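Chemist: This note's numbering puts the sequence shown at residues 1 to 80. Note that beta-carbon positions come from the ideal geometry of N, C-alpha and C, so glycine has one too. In this text, all values refer to a predicted model and were calculated from it rather than measured experimentally.
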Amino acid sequence: MVEYLYENKILSLTAAIVSAHVSNNDVNAAELPGLIRSVYGSLSGLGQKTGLDADVTRAVGSERPVPRSMTPSTSEMSQN
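#1: Give the C-beta separation of residue 32 and residue 14 to the nearest angstrom, bearing in mind that I take them to be a contact with Cβ-Cβ under 8 Å.
#2: In angstroms, rounded to a whole number, what distance separates the CA positions of residue 40 and residue 25?
#3: For the alpha helix (DSSP H) that residue 37 lies in, which residues bound it at each end?
#4: Starting from the Cα of residue 21, find the closest Cα among 4, 48, 68 and 35 and give me that residue.
Structure follows, in structure tokens:
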């Protein structure tokens with residue numbers, strides 16, 4: 001049931017996005033199926049883990065203090 005609702009929401013959002021795009025831009029009729037597939041694929045992929053997620057997790061997980069040379073000095077902060 002939840003998957004059906006999710007799928008229905010993705011289809012509804014796809015239709016709304018493509019409709020808005022087509023109403024504001026010149027789109028050749030032959031390009032429309034590809035546009036729909038692209039938008040649907042992008043929305044379907046939201047929230048799914050990618051290889052980049054692992055890299056970000058590793059980078060964030062290995063937090064180190066910011067070196068003093070990279071932080072603004074007190075005089076620089078007071079100028080803003």
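Modeler: To lay it out plainly:
#1: Contact doesn't hold; Cβ gap of about 12 Å is too wide.
#2: 19 Å
#3: Residues 32-45.
#4: Ranking 4, 48, 68 and 35 by Cα distance to residue 21 puts 35 first.
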